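Inspection log for the structure reproduced underneath, given as structure tokens.
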Amino acid sequence: MNVTFESGDIIATLALLFSVYATFKTVQFNNRQQEVIKSQAKLNELLLNKEAAGVELDKQADLGATFLKLGNSKYRLKVFNKGKAPAHHVTIDFPEGNEVILESDIESKFPLQLLDVHQSVELIAAVHLGTKSKHLVKLEWEDGRTGRVVKELWATL
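Numbering of the sequence shown is given in UniProt numbering, commencing with residue 1 and proceeding in unit increments.
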């Protein structure tokens, strides 16, 4: 049995091999495309989470308190809002006792209905020789979050 290859057989064999190669490369390309699509979906999800956290952060007030020294012996306790949203119904308390801020000043200014962004309130401090240098301040307020926010911090002279 004599097997002879004609030019048409060779061309058909080459076309078949090229077709198999092209199919293999197409499958490889499609697999890479699927990986890229999955990666893009993951990145989109991360971006959405980041944006949602940013929107949530824009709804939050961030209150702080610090003592300011004015001149030689005058002190003030400054309560300020450094957040990105206003704080409503702000209250102040001293869990370890208040021996430095005048009660009449606290009662006249707190509870504060609104403490806007970058706004502050100053309370007169009566500092004397035996005054502690650290005071625990408890601030409570409402903002875009659910429920009241409580923050305890140490203000130092």
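The C-beta atom is built at its ideal place from N, Cα and C for all residues, glycine as well.
Remember, predicted model here, so these are calculated numbers, not experimental data.
CB contact flag (residue i, residue j, <9 Å)
i	j	result
ALA65	VAL100	no
PRO95	LYS138	yes
LEU102	LEU123	yes
VAL73	VAL127	Checking the sequence shown, residue 73 turns out to be Ser, not Val. Yes, these two residues count as a Cβ contact at 9 Å.
Beta-bridge pairing of residue i - partner residues as DSSP gives them
i	result
ILE101	ALA125
HIS88	LEU114 and GLU142
C-alpha gap between residue i and residue j, whole angstroms
i	j	result
THR146	VAL121	24 Å
LEU136	GLU152	7 Å
ASP93	GLN119	19 Å
LEU68	ASP105	16 Å
TRP141	SER133	26 Å
ALA53	LEU46	11 Å
HIS89	GLN33	54 Å
ASN81	LEU115	7 Å
First through last residue of the alpha helix (DSSP H) which encompasses residue i
i	result
GLN33	7–58
Residue i burial status per 10 Å Cβ neighbour count (16 or more: buried)
i	result
LEU63	buried
TRP154	exposed
residue 203	Past the edges of the chain, shown from 1 to 157, lies residue 203, and the structure says nothing about it.
residue 241	Residue 241 is absent from the structure shown; the chain starts at 1 and stops at 157.
Residue i - containing beta strand (DSSP E), residue span
i	result
GLY64	63–70
PHE80	74–81
THR156	149–156
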